[in-house]
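So the structure is just underneath, and the comments pick up after that.
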Amino acid sequence: MTDVVAARRRKGVRWGVAVGGLVTASALVVAVLGAEGAQGPTGAAGIGGPAAPSVHTPAAGPRTAPMTLPAPTGRHRVGTVSLHLVDRQHRDPWAAGQQHRELMVSVRYPARADAGRYPRAPQMLPGEAAGFDRLNSFSEYVPKGKVAWGATRTHAHEGAPVAPHRGRRLPVVLYSPGAGDPRSLGSTLCDELASRGYVVVTIDHTYEAPAVQFPDGRVARSVMPQEIARARKAGRMTQLLRKVAGVRVADTRFVLDELARSGPGSVLPGALRRAVDLDAVGMFGQSAGGFTAAQAMHDDRRIRAAANMDGVMGYTQRDDDPSHPSTVGTDGVDRPLLLMGKEGDTHHRVASWGAVWAHSTGWHRDLTLGGSQHASYTDAEALIPQVARKLGLPRADVAKMIGTVRPGRAVVAQRADVSAFFDRWLRGQGSGLLDGPSSRCPEVRFVP
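Heads up, the sequence shown stops at 915 in my numbering, and the numbers go up one at a time, no gaps.
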């Protein structure tokens with residue numbers, strides 16, 4: 468059964484957390500999460516109790532002003548609702564004391580023209596922002612307690628009515644973030660797709676994300692630092708990476724199950740439930756989220772197309788290591804797969820990508836965003852330049868985080884390619900953008 472609560476709301480290819488998505492599969496996990504030490508931010512019981520005692524309070528001092536995200540370019544305004552999903556059939560795999568797996572997801576959708584009457588949703592709730600401040604993949608360059616991560620607003624309006632869709636149901640796209648990243652770090656692309664007529668469902672992977680805030684105020688903080696410390700000590704990093712990927716795919720399939728529920732048990736508000744087309748489902752993600760998208764498509768026929776943005780697809784700590792492959796690597800996929808890598812990450816250089824490429828019979832493309840870094844495929848591309856200006860960060864540090872590609876151009880290219888991919892395979896509307904190099908996106912290189 469399911470409880471649903473509408474809530475207000477670097478090395479090479481990464482798995483994505485920095486476990487901001489296991490950076491090679493585990494480089495970021497180790498580099499970022501491991502930096503917190505063996506004790507980590509909290510134990511598995513972090514989900515229990517009121518929010519206030521469990522939320523980290525950043526160091527005192529001046530903080531940046533609110534940052535802004537790029538406005539979506541589609542013809543629709545964007546609405547959003549957050550859902551609290553409870554899997555009562557399974558215990559939580561990361562928290563021994565939790566009888567059920569709890570997830571928070573956000574649903575973005577095309578909204579009516581009067582959506583502006585409804586408040587814009589925050590990118591992160593207070594507990595999530597506090598968790599992200601203390602545990603994120605930018606901490607080497609951005610000082611803790613200096614950025615107002617919780618002050619940024621998305622372009623999605625909370626509870627806005629669904630736009631009229633004239634009897635045509637709307638395709639659904641799932642989003643999984645990098646390992647150790649919150650679902651909200653992909654807001655720019657998710658808002659964009661919703662403005663273009665998609666229903667976009669973003670998933671927080673509880674106890675892996677820095678912090679997940681539930682409607683009753685509880686905050687579940689990451690247990691990855693402790694998990695990584697134990698795995699390293701026991702020489703079981705490969706097993707940990709397998710578990711992270713397995714939990715993520717299970718979360719994804721559970722969310723799909725819940726979206727399909729009808730009648731009194733439906734998790735979606737009525738108008739939105741009637742609008743979605745669950746026969747046209749795609750998925751994308753960054754880093755570990757990209758791996759999740761590809762692996763979930765391999766495992767679940769309901770997913771018709773997947774896009775992997777710079778996520779390694781094996782259980783290894785090195786991008787060039789062909790050992791410990793995933794089943795998506797050994798089998799490939801028979802449905803469309805888009806690979807989008809940072810500068811230097813291609814199927815010729817990343818072993819797991821090469822395996823998927825060699826074994827896949829479905830349509831597949833490999834694109835490189837010139838001058839990009841791993842985090843370029845997240846909201847960091849828009850946020851880090853603002854942080855840098857306000858805190859006076861060195862240009863060299865900014866380049867290490869998001870590369871040298873012009874941020875505005877990086878956003879344009881990602882929006883164009885991801886939208887073109889899902890338009891083609893979920894709507895049957897080919898623009899030709901993914902058929903070869905285009906003057907519209909000169910930063911994007913096609914890898915043969």
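C-beta atoms are modelled at their ideal positions from N, C-alpha and C, and glycine is treated no differently.
Residue i: buried (16+ other C-beta within 10 angstroms of its C-beta) or exposed?
i	result
Asp787	exposed
Pro904	exposed
Asp902	exposed
Gly757	buried
Gly870	buried
Thr835	buried
His543	buried
Thr797	exposed
Gly702	exposed
Ser918	Coverage of the chain is limited to positions 468 through 915, which leaves residue 918 absent and any answer about it impossible.
Gly732	exposed
His672	buried
His841	buried
Gly781	buried
Phe913	exposed
Thr688	Per the sequence presented here, residue 688 reads as Arg, with Thr not at that position. By the neighbour-count rule (16 or more Cβ atoms within 10 Å), Arg688 is buried.
Gly808	buried
Assuming residue i and residue j form a contact by the criterion Cβ under 8 Å, report the distance between their Cβ atoms to the nearest whole angstrom.
i	j	result
His831	Trp824	7 Å
Asn775	Ala761	5 Å
Leu966	Arg882	With the chain represented from 468 up to 915, any question about residue 966 goes unanswered, as that position is not in the structure.
His567	Asp581	Rounded, the Cβ-Cβ distance is 38 Å, inconsistent with contact.
Ala677	Gly647	Residue identity check: residue 677 is Pro in the sequence provided, not Ala. Rounded, the Cβ-Cβ distance is 7 Å, consistent with contact.
Ser839	Glu810	6 Å
Arg587	His624	6 Å
Ala578	Ala627	4 Å
Glu659	Pro852	Contact flag wrong, Cβ pair sits at about 19 Å.
Leu637	Ala742	5 Å
Phe889	Ala772	7 Å
Identify the continuous alpha helix (DSSP H) that holds residue i and give its terminal residues.
i	result
Met571	No alpha helix (DSSP H) holds Met571; the beta strand (DSSP E) holding it covers Arg568 to Ala578.
Ala825	Ala818 to His826
Asp744	That residue, Asp744, is in no alpha helix (DSSP H); its beta strand (DSSP E) goes Val743 to Gln753.
Val885	Pro874 to Phe889
Val711	Met704 to Leu726
Arg697	Met691 to Ala701
Val795	Thr794 to Asp798
Asp864	Arg862 to Ile869
Thr655	Ser654 to Ser662
Roughly how many angstroms lie between the CA atoms of residue i and residue j, to the nearest whole one?
i	j	result
Leu536	His551	25 Å
Pro909	His814	20 Å
Thr783	Thr794	14 Å
Val800	Met750	14 Å
Ala519	Asp683	Because the pLDDT at Ala519 is just 30, under 50, the model does not fix this residue reliably, and the value given afterwards should be weighed accordingly. For Ala519 and Asp683, the distance between alpha carbons rounds to 12 Å.
Pro649	Met691	14 Å
Asp718	Thr621	24 Å
Pro874	Gly859	17 Å
Gly895	Arg768	18 Å
Arg740	Val548	12 Å
Gly737	Ala855	43 Å
Asp884	Leu708	29 Å
Arg635	Ala661	15 Å
Val639	Trp892	12 Å
Val666	Val748	10 Å
Thr828	Leu804	10 Å
Ser898	Ser886	10 Å
Leu592	Gly617	6 Å
Val911	Gly837	6 Å
Ser906	Lys613	39 Å
Tyr576	Val679	22 Å
Pro525	Asp600	In this prediction, Pro525 scores a pLDDT of 37, lower than 50, which makes its location untrustworthy; the coordinate-derived value is nonetheless stated afterwards. Answer to the nearest angstrom: the Cα atoms are 7 Å apart.
Ser643	Leu602	18 Å
Ala502	Asp746	Low local confidence applies: a pLDDT of 35 at Ala502 is under 50, so the model's placement there is unreliable, with the coordinate-based value given in what follows. For Ala502 and Asp746, the distance between alpha carbons rounds to 43 Å.
Ser606	Pro631	43 Å
Locate the beta strand (DSSP E) running through residue i, then write down its first and last residues.
i	result
Asp600	Asp600 -> not in any beta strand (DSSP E); alpha helix (DSSP H) instead, spanning Pro593 to Arg601.
Ala630	From DSSP, Ala630 is part of no beta strand (DSSP E); its letter is neither H nor E.
Ser549	Arg544 to Asp554
Ser452	Since the first and last residues shown for the chain are 468 and 915, residue 452 lies out of range.
Val914	Note, Val914: premise wrong, no beta strand (DSSP E); not H, not E.
Val686	Val686 to Arg688
Arg558	No beta strand (DSSP E) contains Arg558, which DSSP labels as neither H nor E.
Gln565	Per DSSP, Gln565 belongs to no beta strand (DSSP E) and is neither H nor E.
Arg587	Arg587 to Pro589
Val668	Val666 to Ile670
Gly903	Run containing Gly903: none; DSSP gives neither H nor E here.
Gly808	Leu804 to Gly808
Met776	Ile770 to Met776
Val679	Ala678 to Gln680
Next item on the list: Jot down the residue ranges of each uninterrupted alpha helix (DSSP H) in the stretch 826-860, minimum 4 residues, whole runs only, in chain order.
Entry: 847-858
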